[in-house]
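What follows is one structure encoded as C-alpha cells, with my remarks underneath.
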Amino acid sequence: MKVRALQYVVLVGVAAVFVGPLYWLVSTAFKQPAEIYQWPPSWWPDHLTWENFALAWKAAPFDRFFVNSTVITVAGTALKVTNAVLTAYAFAYLRFPGKKVLFFLVLGAMMVPGHVTLLPNYLTVATLGWINTYAGLIIPGIGSAFATFLMRQHFLTLPSEVTDAAAVDGAGHLRTLWRVVLPMSRPMLVTVVVITAVEEWNNFVWPLIVTNTASMRTLPVGLLILKDEEGLANWGTIMAGTLLVLAPMLVIFLIAQRYIVGGITQGALKG
Amino acid sequence: MRRRGFLGLAAALPLAGCGYRSVDAVYSQPAGAVPAQYARRVRVVFWSSYGGVNGKAVDGLVAKFNESQDDVYVEVQFQGSYDDVAQKVAAALIAKQAPDLAVLSDVTWERFFLNEALEPLNGYLADPAVYQPKLFGEYVVKGQSWCVPFARSTPILYYNRDAFAAAGLPDRAPRTWSELQSWGPSLAKVQSGGRALRTLAFAKVDGDWQFQGNVWQFGGSYSRGLDVTIAEAGAVAAGEWQRSMVHSLKLAYMASSPSTDFANGLVATIQESTGGLKSMTSKAKFRVGAGFVPGEVASGIATGGGGIGMLRNISAERKQAAAAFLTFLARPENAAWWTIQTGYLPVVEAAREVPELKKLIAEQPNYGVAIAQLANARQQDAIRLYGRNANVAIYTGLQQIYADNAAPSKVFATVARRLDAIGAEVRRLYEEKVL
Amino acid sequence: MQENPVGLRSRRRREYWLFAALVAPNLLVIAVFAYWPIVYNAFLSLTDWNMIAARPAFVGLANYGRTLTDPAFHRTLWVTVVFTGLIVAGSLVIGLALAFLFNLPLKGRGAVRTIAFAPHVLSGAAVATIWLFIFDPGYGLLRGPDWMNNSDWALPGLVIVYLWKNAGFAALIYLAGLQGLPKELDEAAVMDGASTWRRFHAIKLPLLAPITFFLLITTVIGTFQAFDVIAVMTGGGPGDATTTLSWAIYNEGFQAFNAGRAATLSIIMFVILLVVTTVQARVLERRVHYR
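Just so you know, the protein sequences line up as chains A, B and C, in that order.
Residues 132 to 402 in this note's numbering are what the first sequence lists, from first letter to last.
Residues 3 to 437 in this note's numbering are what the second sequence lists, from first letter to last.
Residues 8 to 298 in this note's numbering are what the third sequence lists, from first letter to last.
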C-alpha cells in the first residue's frame, strides 16, 4: 500500500514537471507586469488582463505569421504526403526497369541530414529567385523518403487480391489507389500526415534563413524576432506571443492527442 | 535515358547559375509595386535597414523626393537589420537580381567594395564637398567614393536623469570611466524593479562596436592596419576594467538588449548609437540624458552606422536615377530633417545651420551631443572593418569576460589568434585595393 | 489465355510511363534538395567564397586543414559530443523510468503520459522562450545561476530544455516496447523468486535493447542537428560555450558569409552522421540475419 502511494506521488510529480512550464506560460501571459516580477511568485493572476496580447500583437504581425504558418503547413503537408503516396504506390504495384536502384535512391535521402543541406539549398533557392517566397519555403521540403517508406511497407501488407481484382475490373491504377488502397490505409495515412504536419508547423531554421521580411515569417521565427525586439524585460508581452505561437498546436493536440501520439510513436516504431 | 535526363537537368539547374556573377552584367530589379501616377518614371529600388521610428523617417524622405520631381520613382523596401540587408543583397546577386541602392553598414560595405559589387560614385555626386568630410572620407579609397554617408552615428552615453537625481549625482555624463565607477555605489542604492539599479550594461551581441572606442579610451587598439593588437596593453586594460565592473564590483552586467533594459529603467547608463535617440526618448518613462562616452587615459570614439551604396550590376539609366536620389539626400534641409527625426549625425555640413535643427538642439541638447563629439571620432581599426566575421570573434571574446570572469589577457590572446587568421584571408585583397 | 505481344508491350509501356509520372516529382525534389547539396557542399568546401565575390576561389583542401587544426573547431566538437551525450543518456534513462511508471496500474497514468508527450510536438522556439523566462536571472522561477549568461550553466540549461521536450517521446517508445514483452517470461521469473532488480536488469533490459538502440541512434542524429533551442536561448554563447556543430554551420554560412567554411563543416557533420547511420544499418541487418 505504501509503495502504491509513493508511486502516485511520483506520478503527480512527473505531471507537475511537464505541466508546470506550460502553466507558468499561460498564467504569466495574463498577468500585469508588477505581478510577473513579484517574488515569491504569484501562482494565479490577481487581475486577468489581455493587455500583453495586445502589446504582442502590436509589436509583431502575428496574424501574418499565423497565415504563413498555416499556408506552409497545409500546402507542405499536402504536397509531401501526395508525393509519398504516389511514389509508394508506384514502387509497390508498378513495374519499371531499375526500380530497385531507384527505391534505394529514395531511401538514401534519409541518410542526408537536413542541417547539412542548408547552405546549398539556400544558394539553390537564391538562384531560382525563391528567397522570401512561399515556393522557397515549401518546395525544398516536399521530397519524401521516410513517409514513402512507411506507405510502401503498408501497401505491401494489403491483400494482393484487392488490387488484382481492381486491375481485372479494369479500374485504372489511379482509381485503384483512390478507391481501394487509400481507404484501406487510413491509419497509416493519419500517421504520415500527423508526423509531416507537426514537423512543418514547428520548422524553424529553414524559414529563418529563407525569409527576410516580417510579411513572410512563420510563427516560430516571428517569435524569435519579437524576443529580440522586446529584449528580455517585457516578459508578459513575450509570454503572450509565445502562447499565440503554441496555442494552435496545443489545442489540436488536446483534441486529437490519440491520433498524434499514436501516429508519431507508430511512425517511429515502424521506421 | 529519360530518367538520366531529368536527374541531369536537376543537377545542372543550380550549377548553371550558382552565384557566378559577371561584374558588368545588368541584372533585373527586385519586384515591387509602383503606384499608377509614377508608372512612367525610372524606378529605383532602395533596400533600407531602418524600421520603427527611423523607418518612418526614411519613408518620409522618399515620399518627399518622389513629390519633388517627375523623372524618378524611388521605392524603399525595408529588409531588416544591417546584416539582413547584406545577406539579402548577396542572395539577390546570386539570383541575378540587384536593388539599385542599399544601406550598407560600417562593416558590410567593405565586402561589397572589395568584391566589385559596388559602383564607384565619383562621377555621380553633384558636389562631394557638401558632405561632412570625416564621414564622407571613410568611404573614399584611393580617391574613389564607394558609398555616401547616410545614417552615420557614434555611440553616446545615455543616462537616466531621474535615477542620477535620486542617487544624488550631478546631471551630466561622467567624464571618465573611473568617475562612473565611483558613482556606482550611489546608483546601487536606487531601487528599480525590486532590485538595486545597475550602473552599466554591456551588449551580449555586437558590443564590439562600443568596445572599439573603449579600447582607444584605455590607450589600445584592435589592429594597426591588419596587424592585430588586441592582445596588447590598452585593449587588455579596457577589458579588465569592464571585467571588474561586472565581477568584482557587481555594478555592471551583460544584457541581451541594453537599450531595452535602459528604457525599462533597469540600468542607469549605456553606450548606444546616437541613431536611437529619438526612439529612446519616446520609449523611456523617465528623463533621458546624453553625453560624451567617457574617456580614460585618452578619448576617442568609433564612427559607425549606415551609408548608401549603389550596386554595380544595374543599367546606366538606373544608375543615373539612383544618383538623383543621393543628390536629393545631400540637400541640407533633407539631411537636417533626417537628423531631427532620428538622432543620427547630420552628414552634410550645411545641415547644422538649418534653423529647425538648431532650434531642436537648443531645446533638447541631447541631439547636439554626437555632433559635438564628432571631433573625437574616427574610423574603426581595419581588422574590424575588413576582416570577415572579425566582429563576431571580438564580441564572442567579450562574452567570455562578461559571463565567465575570464581574464582579458587570456581571452584577447585567443581572439588575436583568430583575428590573425581572419586578417590573413583578406590581406591580399586589402593590400591590393585599399593600401 | 494468350495476350498478343503488341498489346502486352504497349500496356507495359503505359505502366512505365505511369511509374515515371508518379515518381518523378518526388525524385526531382530529392535529387535537387537532398543529393545535390552533398555534391555542392563538397565543391564549396574546396573554395573560399563570401557569396559576394563574382565566383568562388579554389583553395584545395585548405578549409579542411584549417578547420581540423583549429582549436575552436576542437572545442565545437567537444561541446557537440558533451551536449549529445548528455541528452542521449538523459532521454534514455528518464524515458525508461517514465515508461515503467506509466506501465504501473495507476489511475490517471494515461493523462500523465499524454502530458509528458505534449512538449514533443510543440515548437522548439516557443519552448525555448518559455524556459528562457524560467531561467531568467532576475524574474525566473529557477533564478539562481545566471543560466544562459554563464558558460558553466548554459549547456546544462539547454540539456534540461531538450530533455523536457523529448523525454516523453522516449518514454512512449519504451512503453510500447514494455507492453510488447512476453508476459510469461516475467511471470516465470517471479515464480522463480527473482528480485525486481534482477527481473529488470537480466530480463527486461536485454529484451528492450533493440528499442534502446533505435532511440540511441535517432536521438544522436536529432541532437546533432539541434538548432532552434540553441538559437533562441544562447546563440552559441556565452563565448563558445554552446557552439555546437549545427550552430557553427549556421554561423559560418549565414552570419559570416564563409560559404567554404560552412560547407566544410557540413561535410564533416555529414560524414559523422553517415557513420552513425551505417552502424545502425549494419546492426539491424545482423539482428535480422540471426533471428
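Glycine is no exception: its CB is placed at the ideal position from the N, C-alpha and C atoms.
Q. Does the segment 321-329 of chain B come within contact of the segment 254-267 of chain B, defined as at least 3 CB pairs closer than 8 Å?
A. The count of Cβ pairs closer than 8 Å, one atom from the segment 321-329 of chain B and one from the segment 254-267 of chain B, stays below three, leaving the stretches out of contact.
Q) Once you ignore the five residues that flank residue 264(C) on each side, which residues in its own chain have a CB closer than 6 Å to its CB? A) Excluding the 5 residues flanking it on each side, residue 264(C) has same chain C-beta neighbours closer than 6 Å at 57, 58, in chain order.
Q | Pairwise C-alpha distance: residue 75(B) and residue 44(C) | A | Taking C-alpha positions only, residue 44(C) is separated from residue 75(B) by approximately 40 Å.
(Q) Which residue marks the beginning of the beta strand (DSSP E) containing residue 158(B), and which one marks its end? (A) Here the beta strand (DSSP E) through residue 158(B) covers 157-162.
Q | Nearest to residue 201(A) (by Cα), restricted to the options 258(A), 347(A), 186(A) | A | Restricting attention to 258(A), 347(A), 186(A), the CA atom closest to the CA of residue 201(A) is found in 347(A).
(Q) What would DSSP say about residue 49(B), mapped onto helix, strand or coil? (A) Residue 49(B) falls in the strand class under three-state DSSP.
Q) Nearest-angstrom Cα distance between residue 233(B) and residue 377(A)? A) Approximately 47 Å between the Cα atoms of the pair.
Q) Just checking, does the segment 158-169 of chain A make contact with the segment 140-147 of chain A on the three C-beta pairs under 8 Å criterion? A) Here the segment 158-169 of chain A makes no contact with the segment 140-147 of chain A; the two share fewer than three CB pairs at distances below 8 Å.
Q: Just the chain C side, please: which residues come within less than 7 Å of residue 274(A) by C-beta, in chain order?
A: Near residue 274(A) (Cβ distances below 7 Å), the residues of chain C are 33, 36, 37, 40, 41.
Q: Following the continuous alpha helix (DSSP H) through residue 375(B), name the residue where it begins and the one where it ends.
A: 368-375 is the extent of the alpha helix (DSSP H) around residue 375(B).
Q. What residue range is occupied by the uninterrupted alpha helix (DSSP H) comprising residue 180(A)?
A. Boundaries for residue 180(A): no alpha helix (DSSP H) harbours it, and the DSSP string shows neither H nor E there.
Q) At what residues does the beta strand (DSSP E) containing residue 200(B) begin and finish? A) Per DSSP, residue 200(B) is one residue of the beta strand (DSSP E) stretching across 200-205.
Q.
Measuring only the C-alpha atoms, how far is residue 426(B) from residue 265(B)?
A. Approximately 41 Å, taken between the alpha carbons.
Q. Closest to residue 116(B) by CA distance: which of 126(B), 147(B), 300(B), 219(B) is it?
A. Closest option to residue 116(B), judged by alpha-carbon separation, among 126(B), 147(B), 300(B), 219(B): 147(B).
**Q.** Alpha carbon of residue 223(C) to alpha carbon of residue 99(C), nearest angstrom
**A.** Each residue's alpha carbon lies about 8 Å from the other.
Q. Relative to the alpha-carbon of residue 140(A), which residue among 203(C), 119(C), 26(C), 29(C) has its alpha-carbon at the smallest distance?
A. The shortest C-alpha separation from residue 140(A) is found at 119(C).
Q) Which chain C residues are close to residue 227(A), counting only those with a beta carbon under 7 Å from its beta carbon? A) Those within 7 Å of residue 227(A) in chain C are 23, 26.
**Q.** Residues in the segment 226-258 of chain C having any Cβ partner in chain A nearer than 8 Å
**A.** Listed by position, the residues of the segment 226-258 of chain C near chain A (Cβ gap below 8 Å) are 228, 231, 232, 234, 235, 238, 239, 253, 256, 257.
Q) Whose Cβ in chain A lies nearer than 8 Å to the Cβ of residue 86(B)? A) Neighbours of residue 86(B) across chain A, judged by C-beta separation under 8 Å: 343.
(Q) Suppose contacts are defined by Cβ-Cβ distances below 7 Å. Is residue 27(B) in contact with residue 407(B) by that definition? (A) Not a contact, by the Cβ cut-off of 7 Å.
**Q.** Where residue 241(B) falls, given that 16 or more other Cβ within 10 Å makes a residue buried
**A.** By the 16-neighbour rule on beta-carbons within 10 angstroms, residue 241(B) is buried.
Q: Counting only runs of 3+ residues fully inside the segment 233-261 of chain B, write out the beta strand (DSSP E) ranges in chain order.
A: DSSP assignment within the segment 233-261 of chain B yields the following whole beta strand (DSSP E) runs of 3 residues or more, N-terminal first: 254-257.
Q) What is the DSSP secondary structure of residue 78(B), counted as helix, strand or coil? A) In the structure shown, residue 78(B) sits in a strand (DSSP, three-state: E or B).
**Q.** Assigned exposure category for residue 18(C) - 16 Cβ within 10 Å defines buried
**A.** Around the beta carbon of residue 18(C), a 10 Å sphere encloses fewer than 16 other beta carbons of the protein chains shown; the residue is thus reported as exposed.
Q: Pick out the complete beta strand (DSSP E) segments inside the segment 287-354 of chain B, 3 residues or longer, and give them in chain order.
A: Within the segment 287-354 of chain B, the complete beta strand (DSSP E) runs of at least 3 residues are 290-293, 306-312.
Q: Measure the C-alpha to C-alpha separation of residue 12(B) and residue 237(A) and round it to an integer number of angstroms.
A: With a pLDDT of only 39 at residue 12(B), under 50, the local geometry of the prediction cannot be trusted, and no value is derived from it.
(Q) Ignoring anything shorter than 4 residues, give me the alpha helix (DSSP H) runs that lie fully in the segment 173-229 of chain B, in order along the chain. (A) If only complete runs of 4 or more residues are kept, the segment 173-229 of chain B shows the alpha helix (DSSP H) at 179-190, 210-219, in order along the chain.
Q) the segment 377-407 of chain B: which residues have C-beta closer than 8 Å to a C-beta of chain C, in chain order? A) Of all residues in the segment 377-407 of chain B, only 390, 391, 394, 398, 399, 401, 402, 404, 405, 406 place a beta-carbon less than 8 Å from a beta-carbon of chain C.
Q.
Against chain A, with Cβ distances strictly below 7 Å, would residue 287(B) count as a contact?
A. Answer no: the Cβ-Cβ gap between residue 287(B) and chain A never drops below 7 Å.
Q. Excluding five sequence neighbours on each side, which residues of the same chain lie with their C-beta closer than 7 Å to the C-beta of residue 82(B)?
A. Only 51 meet the Cβ criterion.
Q: Measuring only between beta-carbons, confirm whether residue 8(C) sits less than 7 Å from chain A.
A: Note that residue 8(C) has pLDDT 47, beneath the 50 cutoff, so the model's placement of it is unreliable and the number below is only indicative. Contacts with chain A at 7 Å (Cβ-Cβ) do not include residue 8(C).
**Q.** Neighbourhood of residue 188(B) by C-beta, 7 Å cutoff - its chain only, sequence neighbours within 5 removed
**A.** Sequence-distant partners of residue 188(B) (beyond 5 residues in either direction) whose C-beta falls short of 7 Å from its own C-beta, in its chain, are 169, 170, 171.
Q. Does residue 141(B) get closer than 7 Å to chain C when you measure Cβ to Cβ?
A. Chain C contact via Cβ: absent.
Q) Using 7 Å as the limit for Cβ to Cβ distance, is residue 268(C) near chain B? A) Cβ-Cβ to chain B under 7 Å: no for residue 268(C).
Q | residue 160(B) to residue 324(A) span [Cα, whole Å] | A | So the two alpha carbons sit approximately 54 Å from each other.
Q. Straight-line CA distance for residue 47(C) to residue 119(B)?
A. Residue 47(C) and residue 119(B): Cα-Cα distance of roughly 24 Å.
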